[in-house]
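Notes to accompany the following structure.
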Amino acid sequence: VEADATEALRLSEELGQEEATCQAYSLLVWSSALQGRADDCRRYAERGLRIARLNGLSFRASLIRRYLAMLDLGAGRYEQAIVALQEMQRSSSDHHPVVALWAVPDLVEAVVRGRSDREVLREPLERYEDWVRRGGSAYGLTALSYAKGLIAEGPEAVEYFEAALEHGKHVDGSFTHSRVRLAYGELLRRSRRRGDARVQLRAALEGFELLGAAAWANRVRSELRAVVDDAEVDLLA
Numbered sequence: 312v313e314a315d316a317t318e319a320l321r322l323s324e325e326l327g328q329e330e331a332t333c334q335a336y337s338l339l340v341w342s343s344a345l346q347g348r349a350d351d352c353r354r355y356a357e358r359g360l361r362i363a364r365l366n367g368l369s370f371r372a373s374l375i376r377r378y379l380a381m382l383d384l385g386a387g388r389y390e391q392a393i394v395a396l397q398e399m400q401r402s403s404s405d406h407h408p409v410v411a412l413w414a415v416p417d418l419v420e421a422v423v424r425g426r427s428d429r430e431v432l433r434e435p436l437e438r439y440e441d442w443v444r445r446g447g448s449a450y451g452l453t454a455l456s457y458a459k460g461l462i463a464e465g466p467e468a469v470e471y472f473e474a475a476l477e478h479g480k481h482v483d484g485s486f487t488h489s490r491v492r493l494a495y496g497e498l499l500r501r502s503r504r505r506g507d508a509r510v511q512l513r514a515a516l517e518g519f520e521l522l523g524a525a526a527w528a529n530r531v532r533s534e535l536r537a538v539v540d541d542a543e544v545d546l547l548a
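Under this note's numbering, the first residue of the sequence shown carries the number 312, and numbering increases by one thereafter.
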C-alpha cells in the first residue's frame, strides 16, 4: 500500500490534483498508523488535513482523523483514541457522517479495552446497527458482530465472534479478520480454551505480520505468551 500511495502522491502533486493528493496522504496515514510509525503518521496527517481544509474535502479529512485514532488504538493509548473517535460522532462540517459510522467499531474497541464508561456507546452503536442492517454489506455485518462481541460476555460473545468470522469470509480485509481473531482469541484464553485460543491468535498474528502492523502483532504475541503461562500455572497447581 505504501509504495503505491507514495507513487500516487508524486504523480498527483505533479499534476496539481488536490483531491488525489489528499487521498494519497490518507493512505500513507493509514499505512504508517498500522505499522506504528507515529512521527510519519502525524506528518502525513498534517499535510493531508491542510489540503483537505483548503479544498473542503471533509470525507478525506475524516478518514485521516480516523486513522490517527487507529494509531493511538494500536499503541494502547485508549483515552486519546476515545476522545478523537467520540469527537467524530458529533454533527459537524468537520466530520463526514459515513466515516463517523465506519469509526463506531473502533470506538467500541477503545472504550472496552480502555475500561471506560460503556454508556457512551449506546447511541452510536444503535445508529451503526441500524445503518448496517439496512445496508446488509458483509463488511458492515462483520464489524457489527465484532463490536457486539467485544461488549458481550461468555457464550454470547462467542456467538458474535463466530458470526463475525462467518461474515468475514465474504470480506477482502485481513486487518479486519485479524482484529476479530485477536479479540476472539483473548476471550477463549480467558475461558481457558487454550487450544482454540492458539488457533485464533496464530491466525491473527499471521494477518498482522502480513500487513506490517507491528503494534497489533505485538499484542497478539503477548496473548500467545499468556496462553503458555496459563498452561504452566495449571501444571503447577
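Beta carbons: idealized from backbone N, C-alpha and C, even for Gly.
Within the same chain, Cβ atoms closer than 8 Å to the Cβ of V312 are found at L338, W341 and S342, the five residues on either side in sequence being excluded. Distance from the CA of V482 to the CA of A454, rounded to the nearest whole angstrom, comes to 10 Å. Taking a contact as a CB-CB distance under 8 Å, the pair V422 and L432 counts as one, their CB atoms being some 6 Å apart.
Between L452 and S485, the C-beta spacing is not below 8 Å.
Counting C-beta atoms within 10 angstroms of its own C-beta, V409 has fewer than 16 neighbours from the protein chains shown and is therefore classed as exposed. CA-CA distance, R364 to A372, rounds to 8 Å. Less than 8 Å separates the beta-carbon of G460 from that of A494. When DSSP states are grouped into helix, strand and coil, H488 belongs to the helix group. When only Cα atoms are considered, L326 and D428 end up about 48 Å apart. With contacts defined by Cβ atoms closer than 8 Å, R505 and D541 form a contacting pair. Every unbroken stretch of the alpha helix (DSSP H) spanning 4 or more residues and falling wholly within the segment 346 to 422 is given here in chain order: 349 to 366, 369 to 385, 389 to 399 and 408 to 413. Annotation: A528 to P466 spans about 26 Å, alpha carbon to alpha carbon. With respect to the C-alpha of T332, the residue from E357, A344, G347 and A349 having the closest C-alpha is E357. Between L512 and V531, the CB-CB gap stays under 8 Å. In this structure, H407 lies away from A449, with their beta-carbon atoms at least 8 Å apart. In this structure, the straight-line span from the alpha carbon of S369 to that of D405 is close to 6 Å. Cα atoms of L320 and D351: separation of roughly 15 Å, rounded to the nearest angstrom. The C-beta distance from L498 to V469 rounds to 7 Å, short enough to fall under 8 Å.
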